[in-house]
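Visitor: Quick note, the sequences are listed as chains F and B, same order. With my numbering, the residue at position 137 of the first sequence is 137, and numbering never jumps. My numbering runs 1000 ahead of the 1-based position in the second sequence. Virtual Cβ for every residue (Gly too), placed ideally from N, Cα, C. Below are the structure tokens for one structure; questions will follow.
2 protein chains.
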Amino acid sequence: MGRPSLQEQRTTEILAAYELCVARHGLDGATQERIAAEAGVKRTLLRHYLGNKDEMVEALIKHVVTRFNSETDQMIAALPKTDRPKALLDILFGPLGVSETASVLTINALGAASDRFPKARTGLLEVITRMHDAVAEELIRDYPRVDKTACRAAAFGICHLYFSIDSLMMLDPPEDWLNQARQAANVHLQALEETLK
Amino acid sequence: MGRPSLQEQRTTEILAAYELCVARHGLDGATQERIAAEAGVKRTLLRHYLGNKDEMVEALIKHVVTRFNSETDQMIAALPKTDRPKALLDILFGPLGVSETASVLTINALGAASDRFPKARTGLLEVITRMHDAVAEELIRDYPRVDKTACRAAAFGICHLYFSIDSLMMLDPPEDWLNQARQAANVHLQALEETLK
DNA sequence: TTTTAAATTGTCATATTTGCAAATTTACTA
DNA sequence: TAGTAAATTTGCAAATATGACAATTTAAAA
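This is the structure:
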């Protein structure tokens, strides 16, 4: 009975457009007009599916948190059986990991507004901590004889190197930056290996 | 004759307020009202001193570029005679280096809009490259027997670790993050020392 | 074909943002 | 004190953004 629901699909499309607009224009610059244009729908549909502006922000936060978390999980799940840390760096600093929607920019924009939207703060801290932990766990597993604190520091360095590069991708930086980032991240792995000698 | 000029002072005040608003609300969310309120002046004064919106953005870009460059220079100039790399990390990851106005957020926001403001792209790439080079130069000087490529990779890692942390400061992250960042950055220095053995 | 639930569009009032061009005030000088 | 150059304020029009609700269209089921 009735027309089939597009709620999930449309909601996802709109949130994806929203994310992109926030990355480009900032949270307060992501107007409903822009989002609607980016999503290819009428402005009034945003309200229909996501509610008013405050509710839209809430939905965006939830969306960004769950998507980023699942991307972290997928990244870990995609690792091969051997040489996992190296493969991790290949993902993070390969052409795929970085760029796409420059999602770290969205995180930065939301984080900058976290005093107005407290849920953004807790959600984003959770997201980032989860990535720290996931990477650290990988390193601890692959370097079982190395001090865990050192592994966590390495994970921290690798994650934030990725964050910085990703948030600068829209500058269309020299290709060399990705290599340098890859190399700098690799230093952390080598340092862990050094401590075994 | 005539009233004394406040051009420089006012211009600087307004640009500082502008910077803060861009960090908080994004480039397109930094409305003239917000900027004026932040600077404690009437909106129309912005126009008087900086021109219309496009000209304001131009001025902001120029301001951010020159300020960030001079901060880089000051940082280098503030280093002691010995143990300069360690001192560098103390500055970058001390309570002073990070936070303040979270100026990296402004860089991110401007970078995200660099397709609309081409001067932002060139200016920001210049700023970042200059910091890369300044830090790399320090490392090369302090580790003269180490491969320069390795020094540059270390500099790259340290700079972008700083960028990421600074752009997340508004989330009011756990204090531990600064320690972890400091530790991760230190890994780069230790790695350079290792290669001497 | 009629019913039905949901998508989609249309419209209008209100509030915010921006641009521009006066008027007005202020602080110094001759 | 009068002149003057600059700061500062005032006022208004145009453009844009938001909220809320009514009207219409669409795709499936009965």
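Would you verify that the beta carbon of A1181(B) is, or is not, closer than 8 Å to some beta carbon of chain F?
Guide: A1181(B) counts as touching chain F.
Visitor: Quick check: P1080(B) and L1139(B), are their CB atoms within less than 8 Å of each other?
Guide: Contact: no.
Visitor: If you reduce the DSSP assignment to three classes, tell me which class E1175(B) lands in.
Guide: Here E1175(B) sits in coil by DSSP.
Visitor: If you scan the region 1009-1057 of chain B from start to end, which runs of the alpha helix (DSSP H) of 4 or more residues do you find wholly inside it?
Guide: Counting only runs of 4 or more, we get 1032-1039 and 1043-1050.
Visitor: Taking the alpha-carbon positions, what's the T1129(B) to H48(F) distance?
Guide: Answer to the nearest angstrom: the Cα atoms are 46 Å apart.
Visitor: At a cut of 8 Å, does the region 1177-1184 of chain B reach the region 146-165 of chain F through at least three beta carbon pairs?
Guide: In short, these stretches touch, since the Cβ pair count reaches three.
Visitor: Measure the alpha-carbon distance for I1061(B) versus L6(F) and round it to whole angstroms.
Guide: So the alpha carbons of these two residues sit roughly 43 Å apart.
Visitor: Measuring only between beta-carbons, confirm whether M170(F) sits less than 8 Å from chain B.
Guide: Yes, M170(F) lies at the interface with chain B (some Cβ there is under 8 Å from its Cβ).
Visitor: State the CB to CB distance for the pair G1026(B) and L20(F), rounded to an integer number of angstroms; the pair is presumed to be in contact (CB under 8 Å).
Guide: Wrong, their Cβ atoms sit about 13 Å apart, outside the cutoff.
Visitor: Leaving out five residues before and five after M1056(B) in sequence, what residues of the same chain have Cβ atoms less than 6 Å from its Cβ?
Guide: Taken in chain order, the residues that qualify are L1050.
Visitor: Please decide whether D28(F) counts as near chain B, where near means a Cβ-Cβ distance under 8 Å.
Guide: Yes, its Cβ sits closer than 8 Å to a Cβ of chain B.
Visitor: Below 8 Å, can you find three or more Cβ-Cβ pairs linking the region 1102-1118 of chain B to the region 104-111 of chain F?
Guide: The region 1102-1118 of chain B is in contact with the region 104-111 of chain F.
Visitor: Please check if any C-beta of chain B sits within less than 8 Å of the C-beta of N108(F).
Guide: Chain B, which has a Cβ nearer than 8 Å to the Cβ of N108(F), makes this yes.
Visitor: By DSSP, does F1093(B) sit in helix, in strand, or in coil?
Guide: In the structure shown, F1093(B) sits in a helix (DSSP, three-state: H, G or I).
Visitor: Quick check on this structure: which residue in V1065(B), A1039(B), A1036(B) and A1087(B) has the alpha carbon closest to the alpha carbon of G1119(B)?
Guide: Per the sequence presented here, residue 1119(B) reads as Lys, with Gly not at that position. Of the candidates V1065(B), A1039(B), A1036(B) and A1087(B), the one whose C-alpha sits nearest the C-alpha of K1119(B) is V1065(B).
Visitor: What's the gap between the Cα of V22(F) and the Cα of A16(F)?
Guide: Whole-angstrom Cα-Cα distance: 10 Å.
Visitor: Whose Cβ in chain F lies nearer than 8 Å to the Cβ of I1165(B)?
Guide: Residues of chain F passing the Cβ test: H160.
Visitor: For A1113(B) versus R24(F), is the C-beta spacing smaller than 8 Å?
Guide: Going by C-beta atoms, A1113(B) is nearer than 8 Å to R24(F).
Visitor: Compute the Euclidean distance between the alpha carbons of I1165(B) and V135(F), then round it to the nearest angstrom.
Guide: Distance between the alpha carbons of I1165(B) and V135(F) is about 17 Å.
Visitor: In angstroms, rounded to a whole number, what distance separates the CA positions of L168(F) and D1083(B)?
Guide: The alpha-carbon atoms of L168(F) and D1083(B) are separated by roughly 31 Å.
Visitor: Could you pull out every residue in the same chain whose Cβ sits closer than 8 Å to the Cβ of K1042(B), ignoring the five residues on either side in sequence?
Guide: Correct list, in chain order: A1036.
Visitor: Can you find the residues in the same chain that come closer than 7 Å, C-beta to C-beta, to A1087(B), ignoring five residues on each side of it along the sequence?
Guide: Around A1087(B): L1079 and P1080.
Visitor: Verify the CB distance criterion: does E194(F) have a CB-CB separation below 8 Å to chain B?
Guide: Output row for E194(F): interface = yes.
Visitor: Looking at chain F, which residues of the region 1006-1017 of chain B have a Cβ within less than 8 Å of any of its Cβ atoms?
Guide: Cβ contacts with chain F come from no residue of the region 1006-1017 of chain B.
Visitor: Identify every run of the alpha helix (DSSP H) within the region 1097-1156 of chain B, keeping only runs that are complete inside it and at least 4 residues long; order them along the chain.
Guide: You should have 1103-1112 and 1118-1142.
Visitor: Taking DSSP as the reference, what is the three-state secondary structure of T1195(B)?
Guide: Three-state result, T1195(B): coil.
Visitor: Since V1146(B) contacts L1196(B) with CB under 8 Å, what's their CB separation in whole angstroms?
Guide: Right, their Cβ atoms sit about 7 Å apart.
Visitor: One question on the structure: do L125(F) and P1173(B) come within less than 8 Å of each other, judged by their Cβ atoms?
Guide: Yes, they are a contact pair.
Visitor: Do L192(F) and Y143(F) have their C-beta atoms within less than 8 Å of each other?
Guide: In this structure, Y143(F) lies closer than 8 Å to L192(F) by Cβ.
Visitor: Write down the C-beta distance between G1157(B) and G97(F) rounded to the nearest angstrom, noting that I regard them as a contact closer than 8 Å.
Guide: In fact, because the Cβ distance is near 17 Å, the residues do not count as touching under 8 Å.
Visitor: Going along chain F in order, which residues have a C-beta closer than 7 Å to the C-beta of G1111(B)?
Guide: Residues of chain F passing the Cβ test: L168, M170 and L171.
Visitor: I'd like to know whether the C-beta atoms of V187(F) and V1187(B) end up nearer to each other than 8 Å.
Guide: Cβ atoms of V187(F) and V1187(B): closer than 8 Å.
Visitor: For the region 21-55 of chain F, list every residue whose C-beta sits within 9 Å of some C-beta in chain B, in sequence order.
Guide: The region 21-55 of chain F vs chain B, Cβ under 9 Å: V22, A23, R24, H25, G26, L27, D28, G29, A30, T31 and R34.
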